[in-house]
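Read the structure below first, then the notes.
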Amino acid sequence: MQPTTEPHNAIPVEKTPLETYVPPAKPSLIGLSRTELADRLGEIGVAPAQRKMRVQQLWHWLYFRGAQSFDDMTSISKGIRAELAQHFTVDRPEVVAEQISNDGTRKWLLRLPSGDNLQKAHEVECVYIPETDRGTLCVSSQVGCTLNCSFCHTGTQRLVRNLTAGEIVGQVMVARDRLNDWADREDGTRRVTNIVMMGMGEPLYNFDAVRDALLIVGDNEGIGISRRRITLSTSGVVPNIVRAGEEIGVMLAISLHAVRDELRNELVPLNRKYPIKELLQACRDYPGASNARRITFEYVMLKGVNDSLDDAKLLVKLLKGIPAKINLIPFNPWPGTAYECSDWDQIEKFSEYIFNAGYSSPVRTPRGRDILAACGQLKSETEKLSARERQALRAMAMTD
Ligand code: SAH
Ligand code: SF4
29 MQPTTEPHNA IPVEKTPLET YVPPAKPSLI GLSRTELADR LGEIGVAPAQ
79 RKMRVQQLWH WLYFRGAQSF DDMTSISKGI RAELAQHFTV DRPEVVAEQI
129 SNDGTRKWLL RLPSGDNLQK AHEVECVYIP ETDRGTLCVS SQVGCTLNCS
179 FCHTGTQRLV RNLTAGEIVG QVMVARDRLN DWADREDGTR RVTNIVMMGM
229 GEPLYNFDAV RDALLIVGDN EGIGISRRRI TLSTSGVVPN IVRAGEEIGV
279 MLAISLHAVR DELRNELVPL NRKYPIKELL QACRDYPGAS NARRITFEYV
329 MLKGVNDSLD DAKLLVKLLK GIPAKINLIP FNPWPGTAYE CSDWDQIEKF
379 SEYIFNAGYS SPVRTPRGRD ILAACGQLKS ETEKLSARER QALRAMAMTD
């Protein structure tokens, strides 16, 4: 792991109270496509013939250099910079707390305006996981999640709203800001090399914003993280899986977690709407899946629930014919959960069985558990849900 050069502005570990939130006075340009940027330039009087060139400059400053103010954009004329600054910002979501785990994992708590009442704030989390050969950023797609998977902390939180494309791209930009990871790094290397849409929320229930954001993140004239290094994880929103392949073209991960519908209905309630057979068919149809671009099947190891060798056998049988790898995730506990993580020797036996059947079966090392940054532990400020409210939300998710 390379040493990190800390940015100067320190962020507190403890966040400031939500009530102190001041909503932005002007819209940010972050998250806009080239066409949308051209429209905004038109609104401030840039002539049509000039727009394409100006968009290219802006794109470079925003997404390649990570400029934090219009003043930094020295190749753009002063007049246009002043005009831009009068109407827009280049603000990312506000970082209100930063926690660093003893294993180097970092978690940022970001504050956003609530969708309907701009005076109120929402919060979302984003996690950076450094490894020797890569640095992975785990990005959120929603504040909370409508899908109440029974083993997931985020699932206990009320869905407050979908994130916008700007707020999704903004998480990547915050990470690059905080890690001094823009194009002008002296050694030319990058800290954030991979993106996983595995933070809070179900990305395929916020399809358009996730698509628009990932197209920006993958654009090689900007942030430039290749689509092969971006993985979208879904609990199984079948109608949007093939669409994701066609319109976004990133790597796919499926939160399978159970091999029988009866158990999966319990663990991932969305299974009642899209059962295992339909889910696996969508995987077979996923554009671009091949032995070189395998689909990852995530499988959380829950003691005495889904971790028997019979489960492993059925898993191998189910995945036949799909270019797949299996990622075993030791269950990460959170306050109030009834589940326990499988015993280590059981995880090893399970892993060995699928490995011997010809599948790569790495066990995901839990990272950042001490700061509740590991898979499924994310949960921002929340209102407690009554059982009735939870049921209503679940019904809503099942019918839309
Ligand atoms: N909503 C998407 C992506 C976010 S969750 C999805 O469900 O795929 C990212 C991964 O963490 C999923 O595979 C999810 O099932 C898993 N996960 C959730 N809670 C967990 C927990 N407590 N321990 C381990 N993995 C968990
Ligand atoms: Fe939502 Fe994914 Fe958690 Fe299920 S596992 S509740 S889909 S974030």
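Numbering-wise, the numbering used here puts 408 at position 380 of the sequence shown, and it's gapless, one number per residue. C-beta: ideal position from N, C-alpha, C; glycine also. As the structure is a prediction and not an experimental result, all values here were calculated from the model.
Output the boundary residues of the alpha helix (DSSP H) element that contains residue i.
i	result
Val245	Phe235 to Gly246
Ala193	Ala193 to Arg206
Ser388	Here Ser388 belongs to no alpha helix (DSSP H), and DSSP marks it neither H nor E.
Thr63	Arg62 to Glu71
Leu307	Ile304 to Arg312
Pro267	Val266 to Glu275
Leu400	Unbroken run through Leu400: none, as it is neither H nor E.
Arg79	Pro76 to Trp87
Ala340	Leu337 to Leu346
Leu232	Premise fails: Leu232 is in no alpha helix (DSSP H) and is neither H nor E.
Asp289	Asp289 to Leu295
First and last residue of the beta strand (DSSP E) that includes residue i?
i	result
Cys166	Gly163 to Cys166
Asp259	One detail in the question is off: residue 259 reads as Thr in this sequence, not Asp. Looking at the DSSP string, the run of the beta strand (DSSP E) that includes Thr259 is Ile258 to Thr262.
Ile282	Met279 to Ser283
So if DSSP puts residue i in a beta bridge, which residue, or which two residues, is it bridged to?
i	result
Tyr327	Leu356
Trp136	Glu126 and Cys154
Arg189	Val171
Val224	Cys166 and Thr259
Ala149	Pro141
Ser56	Thr117
Cys177	Beta-bridge pairing links Cys177 to no other residue.
Going by CA-CA distance only, name the one from the options that's closest to residue i.
i	options	result
Gln127	Ile157, Asp209, Val118 and Asp371	Ile157
Ser327	Pro267, Arg271, Arg300 and Ser388	Residue identity differs from the one stated: residue 327 is Tyr in this sequence, not Ser. That would be Ser388, whose Cα lies nearest to the Cα of Tyr327.
Phe325	Arg271, Val391 and Ala272	Val391
Ala241	Leu337, Ser178, Pro121 and Ser61	Ser61
Arg219	Val202, Phe235 and Pro231	Val202
Gly364	Gly273, Val155 and Thr182	Thr182
Leu258	Arg321, Tyr233 and Arg271	A quick correction: the sequence has Ile, not Leu, at residue 258. Comparing Cα positions, the closest option is Arg321.
Leu284	Ala272, Arg93 and Pro297	Pro297
Phe98	Val118, Arg79, Lys80 and Phe92	Val118
Thr133	Cys154, Arg239 and Val124	Cys154
Pro394	Ala211, Ile251, Asn130 and Asp209	Asn130
Arg433	Gly216, Asp205, Arg204 and His150	Here the chain has residues from 29 to 428 only, and residue 433 is not among them.
Asp398	Glu376, Lys377 and Asn360	Asn360
Gly59	Arg68, Arg292 and Glu274	Arg68
Leu400	Ile282, Leu137 and Asp339	Leu137
Lys353	Cys311, Cys177, Arg255 and Gly252	Cys311
Pro315	Arg79, Val270 and Pro351	Val270
Gln96	Lys135, Val124, Lys345 and Asn208	Asn208
Asn355	Arg288, Lys377, Ala385 and Ile282	Ile282
Ser178	Ser263, Pro267 and Ala272	Ser263
Gly386	Gln374, Arg292, Gly70 and Lys341	Lys341
Val287	Lys345, Pro55 and Ala317	Lys345
Gln78	Trp89, His88 and Ala66	Ala66
Leu140	Leu243, Pro51 and Ser261	Pro51
Glu294	Asp100, Ile108, Glu214 and Asn176	Asn176
Ser168	Gly349, Tyr91 and Tyr233	Tyr233
Residue i CB to nearest chain C CB: under 8 Å?
i	result
Arg257	No chain C appears in this structure, which consists of one protein chain only.
### Task
Check whether the region 241-257 touches the region 293-305, taking contact to mean three or more Cβ pairs, one atom from each stretch, closer than 8 Å.
no
### Query
Taking one C-beta from the region 373-382 and one from the region 186-200 each time, how about it: are there three or more such pairs within less than 8 Å?
no
### Query
With a cut-off of 8 Å, do at least 3 Cβ pairs link the region 78-87 to the region 223-230?
no
### Message
Is it the case that the region 112-127 contacts the region 159-173, given that we only count it when at least three CB pairs across the two stretches are under 8 Å?
### Response
no
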